[in-house]
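Residue numbers (this note's numbering): 1190 to 1698.
What follows is the structure, encoded as C-alpha cells:
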C-alpha cells in the first residue's frame, strides 16, 4: 500500500470511529429489525398533524401530482405513483392512485403490466381544460395515460413521441416534483440534443431544438456518450430557459450552455455559452442553476482540487450566467466557505424574505463531522444577484435524514422547515430574518413516523477521480399544496427493508 493509500485508510478508520455518519462494518447483535410495514393505506390523527401512509407492493419509481379539473377543487392535485415489483427493477410497471378524497384514503390500481422500461412520470394539460394528463416516460418514448380511471390493463397508453435516445428524466434530477399550474411546454433531452414541445390539439407539437454538449466515457465495449446535467428554469410554471452543465475546463473554469426556448425561423432554440472562473483549482461537488432577481445564476459547491482534504468543508461560489465570447470566465459575485462537510448534501433557496424587493439566499446543510446539527443560514440580497457576506444563522439540534425548506406548512405565510430525524418528522416555523435567523427554535410540531425509521449514514472512498461519498438511509422530502388551499403538505418518500416504496403525506395542524 502506498503512503497516500495508508494515510487515507487511517483517516477512514478515524472517521468511522468519531463520526456516527460513517459506515465501516455492521455491529453484531443490537436491536432486531422492525417488522415490515403492511401493504396498503393507513391514516392516523395526532394533535400535531394528519398522516396518511401508503405502502406499495414494490419499489416506488416516481410520483406525479396532476392538477384536477378546474371547478370546485380548482388547484387541487391527485397523487399518482409508479412502481416496479419488489426486488425486480426489470419487471412490469404498475401505476397507482392514492385517493385522498376517499374515506378512508385508499390505493387504486390504474394500470398493470406496463413496459419494464417505463421509469418516469410527469403531468401536463394537453386539452386546455384545466386538468392535467399523466405522462409515462421510457427510453425513446413518451406516452399519455388516458382515460386515467380506465379498467386495469386497457386501453394501452397513447404514444405522444417516439425518438431514439429521448429521455423524460434528463431535464430534472428531482424524482419527486409537482408540475406547476401554468405549464404548457415540455422539454426532453437525449445525448447531444434538446427538444422543446408545446401543447397543441390534444398533443405535443415541436417548438424548437438545440445541440447539447457531449461527454464521452470509456466503457469495456466502447465509448458511452452522455449529456451533462440539464436544469430547467421556469416562470409561471412554463420553462423558458435550460441550463446545461457546468462542465469543467481545466482546474478553474466552468462552461454552462444556456438554451433559450424561443425558436428562430428554422426551429432552432437560442444558444449561448456562459463561462465562470473559480478562485483557484476546485472540484465541483454539487451545482444549482437559480433565478436571482430574475437573472440566471450558477451556484456550485466545491472542494480543493489541488490538495486532498477528507474532512474539508464545502465552498459555495455563485456566478452570473451571461454570454462570454472571450471564455475567460466571470468571477464569482458571492463566495464563502460553508459549515457543511464534503460528504453531506447542501440545499439552496432563493426568495425575498425581508420584503425589500431583492432575492435573499438561504443555505441548509448538516454541520460538523457527525452532522448532528442542521444549519440554516440566510444571506440578504443587495440587488443584481449579490448578497451580504454576513449570514443570519440558526443551528438546529437534530441529525436530519432529509429536509424540506421554503414552503408554508403552517399557514403563516413564511417559509418553514420540515426535517426527518430519528423516526420523527419535525416542523420549525419561519420568522422574518433577524438576529435569530429565519426559523423559530425549538420546533413547533413533532410527528412520530412509526415503522421504517431511517438512520443516515455515509461511506467515503478514494477512487480514480478523487474522494467520493455515498449517502444511505436518507428520506426524500418535498412540499405540495394538494387541496388547493394555499397551505402545503409534506410528502416523505422512504424505502422499507423489503424494498417497498413508502409514501407518507403529512398535513400539519
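For glycine and all other residues, C-beta sits at the position ideal for the given N, C-alpha and C.
TODO: Evaluate residue 1544 with the Cβ neighbour count: other Cβ atoms within 10 Å of its Cβ, from every protein chain shown; 16 or more gives buried, anything less gives exposed.
DONE: exposed
- [ ] State the beta-bridge partners of residue 1464 as determined by DSSP.
- [x] 1444
Open item on the list: Going residue by residue through the segment 1493-1545, where are the continuous beta strand (DSSP E) segments of at least 3 residues, counting only ones entirely within it?
Closed with: 1502-1509, 1523-1530, 1536-1540
Task: Rounded separation between residue 1315 and residue 1558 - CA only - done: 49 angstroms
TODO: Quick one: give me the first and last residue of the beta strand (DSSP E) that residue 1613 is part of.
DONE: 1613-1617
Task: Candidates 1236, 1265, 1413, 1381, of which the one nearest residue 1637 by Cα - done: 1236
Task: beta strand (DSSP E) runs contained entirely in the segment 1298-1338, provided each spans 3 or more residues - done: 1309-1313, 1322-1327, 1330-1334
Task: residue 1671: first and last residue of the uninterrupted beta strand (DSSP E) it sits in - done: Here residue 1671 belongs to no beta strand (DSSP E), and DSSP marks it neither H nor E.
- [ ] For residue 1232, count neighbouring C-beta atoms within 10 Å of its own C-beta (all shown protein chains included) and say buried if the count is 16 or more, exposed if not.
- [x] exposed
- [ ] Would you tell me roughly how many angstroms separate the C-alpha atoms of residue 1581 and residue 1419, rounded to the nearest one?
- [x] 32 angstroms
Open item on the list: What does the alpha-carbon distance come out to for the pair residue 1494 and residue 1530?
Closed with: 15 angstroms
Open item on the list: Taking the straight line between their C-alpha atoms, what separation do you get for residue 1608 and residue 1590?
Closed with: 7 angstroms
Open item on the list: On the DSSP letters alone, give me the boundaries of the beta strand (DSSP E) that residue 1680 sits inside.
Closed with: 1678-1684
Task: Pairwise C-alpha distance: residue 1400 and residue 1459 - done: 10 angstroms
Task: Chain-order list of residues whose beta-carbon lies under 8 angstroms from that of residue 1549 (same chain, five-residue window excluded) - done: 1539, 1540, 1541, 1542, 1543, 1567, 1568, 1569, 1570, 1576, 1622
Open item on the list: Counting beta carbon pairs with one atom in the segment 1503-1520 and one in the segment 1472-1492, are three or more of them shorter than 8 angstroms?
Closed with: yes
TODO: Can you grab the Cα-Cα spacing for the pair residue 1334 / residue 1322, in whole Å?
DONE: 7 angstroms
Open item on the list: To the nearest angstrom, how far is the alpha carbon of residue 1688 from that of residue 1270?
Closed with: 15 angstroms
- [ ] Compute the Euclidean distance between the alpha carbons of residue 1682 and residue 1289, then round it to the nearest angstrom.
- [x] 17 angstroms
Open item on the list: Strictly by DSSP, which residues pair up with residue 1634?
Closed with: 1616
TODO: Note down the Cα distance separating residue 1402 from residue 1551, rounded to an integer number of angstroms.
DONE: 31 angstroms
Task: Secondary structure of residue 1397, DSSP reduced to three states - done: strand
Task: residue 1453, DSSP secondary structure in three states - done: coil
Open item on the list: With distance defined between alpha-carbon atoms, name the residue in 1518, 1474, 1484, 1561 nearest to residue 1534.
Closed with: 1474
Open item on the list: According to DSSP, simplified to helix, strand and coil, what is residue 1590?
Closed with: coil
Task: Backbone CA spacing between residue 1685 and residue 1244 [nearest angstrom] - done: 9 angstroms
Task: Validate contact between the segment 1434-1442 and the segment 1384-1394 using beta carbons, cut 8 angstroms, 3 pairs - done: no
Open item on the list: My output table needs one value for residue 1228: the three-state DSSP class, helix, strand or coil.
Closed with: coil
Task: First through last residue of the beta strand (DSSP E) which encompasses residue 1470 - done: Note, residue 1470: premise wrong, no beta strand (DSSP E); not H, not E.
- [ ] Return helix, strand or coil for residue 1489, following the three-state DSSP convention.
- [x] strand
Task: Supposed contact pair residue 1447 and residue 1432 - C-beta distance, whole angstroms, cut 8 angstroms - done: 6 angstroms
TODO: Identify every residue that forms a DSSP beta bridge with residue 1475.
DONE: 1490
Task: Spatial distance of residue 1698 from residue 1234 (CA atoms) - done: 10 angstroms
- [ ] Could you check what DSSP says for residue 1288 in three-state terms: helix, strand or coil?
- [x] strand
Task: Reduced DSSP category for residue 1407 - H, G, I as helix; E, B as strand; rest coil - done: strand
TODO: Mark residue 1624 as exposed unless 16 or more other C-beta atoms lie within 10 angstroms of its C-beta, in which case mark it buried.
DONE: exposed
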